Amino acid sequence: MNRRNFIKRMGLGAAALAVLPRLNVEAEENTNVVFEPKDHGRALVNPSMGWTMHYYSNIISNYGSKLEPSDTLDDFPGLSTVYLRVPWSFIELEEGRFNWELLDTPAQRWIQKGKKVAFRITAQESWMRYATPEWVVKAGAQGYDVMQNHYWEPKYDDPVFLEKVENFVAAMARRYDGNPNVAFVDVGHYGMWGEGHTVSTTKIDYPLEVLQEHINIYTRHFKHTLLCISDDFAGHDKPGKRFPITDYAFSKGVSLRDDSIMVQPPPNSWYHAEMAQLFWPTLPVVLEHEHYHSSVERGAWSH
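In terms of our numbering, the sequence shown is numbered consecutively and its last residue is 300.
In structure tokens:
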């Protein structure tokens, strides 16, 4: 698939005004400097800003596999970050044996072009039974059969589950924490797709202490790289500016991402616009929109 069709299918595009200063040094001995900005017509990508392209979107065939192996979407204005979101079971194949190549291999071509990467590792998916590795279940982690018993949802406060999550996050941090090529890492082991909710499965509302512990596991090990939680940690459709869990995340230096806007048609195109007010003055905020074609089919994205 060529880039133009790929971008059209993804529904991604950007337009921005960028300026490139032209240096004109005056002849005086004091060497006054005069800047005369010129519009070069290209998008200006500042640190922690720009478009994010989903290379893996849970299923590894979404969407990077549709690109040519050398394609880095250089004609995509404002693209700054490539996002890799995959199930935990794809990375830790056996306890302590990691398939980091699944992340590192595609990351390299984007990093070589000066872009950054971001990660989410999930513990539950709606398309495979064990997003949490099956060896975790065999080790004694408790959970639930959900969605007509096709999929397994961990009991998110189970001590065996949390122990194995922490071991994984520690290993991930040893590899990636502080790497300047990593833009952010999501706190991803809680909820369907790592979004922080169980609304489509058990509908269990875990107490605040459990949600805090999921944040704590990541902050204990990622000391330098930005962390983010999904807005749905606070409840997938609860409106409001401030919630105990988002206040707690902010107090730990963890930022916010919205998963996702434009899932439903107006007036429910988004639920948590106000939630970002706490974060954006000091931390980058990540905004994710629904898969383009799904959004169009529901009437949530108009042309």
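Idealized CB from N, CA, C, for every residue including glycine. The model shown is predicted, which means the values in this text are computed figures rather than measured ones.
Starting from residue i and walking both ways along the beta strand (DSSP E), at which residues does that stretch end?
| i | result |
| --- | --- |
| H286 | 283 to 286 |
| Y53 | 48 to 54 |
| F181 | 179 to 183 |
| R172 | Not the beta strand (DSSP E): R172 falls in the alpha helix (DSSP H), residues 156 to 173. |
| T216 | Element bounds for T216: not the beta strand (DSSP E) but the alpha helix (DSSP H), 205 to 218. |
| P84 | 76 to 84 |
| I226 | 224 to 227 |
Any idea if residue i is buried or exposed, counting beta-carbon neighbours within 10 angstroms, 16 or more meaning buried?
| i | result |
| --- | --- |
| W107 | buried |
| T195 | buried |
| L20 | Legend: pLDDT at L20 = 40, less than 50; position of this residue unreliable, value from coordinates given subsequently. Label assigned to L20: exposed. |
| N309 | Here the chain comprises residues numbered -2 to 300, so residue 309 is not present and cannot be evaluated. |
| P18 | Note on P18: pLDDT 40, under 50, position unreliable in the model; the coordinate value appears next. With fewer than 16 Cβ atoms within 10 Å of its Cβ, P18 is classed as exposed. |
| H288 | buried |
| M46 | exposed |
| I212 | buried |
| T69 | buried |
| F32 | exposed |
| T119 | buried |
| E271 | exposed |
| G61 | buried |
| S227 | buried |
Taking Cβ to Cβ, would you say residue i is nearer than 8 Å to residue j?
| i | j | result |
| --- | --- | --- |
| V293 | L253 | no |
| R117 | D174 | no |
| I242 | L208 | yes |
| V42 | V79 | no |
| Y52 | P84 | no |
| Q121 | M169 | no |
| W277 | R172 | no |
| D234 | G193 | no |
| F247 | L275 | yes |
| A167 | D155 | no |
| K238 | T216 | no |
| S266 | A297 | yes |
Residue i: which of the options sits nearest, CA to CA?
| i | options | result |
| --- | --- | --- |
| A136 | H211, L99, L224, P151 | P151 |
| R302 | V30, G188, L76 | Residue numbering for the chain in the displayed model covers -2 to 300; residue 302 lies beyond these limits and cannot be assessed. |
| I214 | K113, H186, H147, Y141 | H186 |
| L64 | H286, N96, M50 | M50 |
| G111 | V30, P44, P204 | P44 |
| T199 | D155, G296, A168, W149 | W149 |
| F181 | Q139, V251, Y141 | V251 |
| C301 | Y203, P236, G191, F240 | Any answer about residue 301 is impossible in this case: the structure gives the chain only from -2 up to 300. |
| D256 | A273, S248, Y245 | A273 |
| P74 | Q139, G193, S248, W48 | W48 |
| P177 | S67, G61, Q109 | Q109 |
| S197 | G61, M144, H37 | M144 |
Kindly say whether residue i, judged by its beta-carbon, lies nearer than 8 Å to any beta-carbon of chain D.
| i | result |
| --- | --- |
| D202 | The structure shown contains no chain D; it is built from a single protein chain. |
Starting from residue i, trace the alpha helix (DSSP H) in both directions and tell me its first and last residue.
| i | result |
| --- | --- |
| L99 | 98 to 108 |
| W132 | 131 to 135 |
| F276 | From DSSP, F276 is part of no alpha helix (DSSP H); its letter is neither H nor E. |
| V31 | No alpha helix (DSSP H) holds V31; the beta strand (DSSP E) holding it covers 30 to 36. |
Query raised in the report: Quick check: the region 259 to 269 against the region 219 to 227, are there 3 or more CB pairs under 8 Å?
Result: no
Report task. Count the CB pairs spanning the region 80 to 97 and the region 126 to 135 that are closer than 8 Å, and state whether there are at least three. Result -> yes
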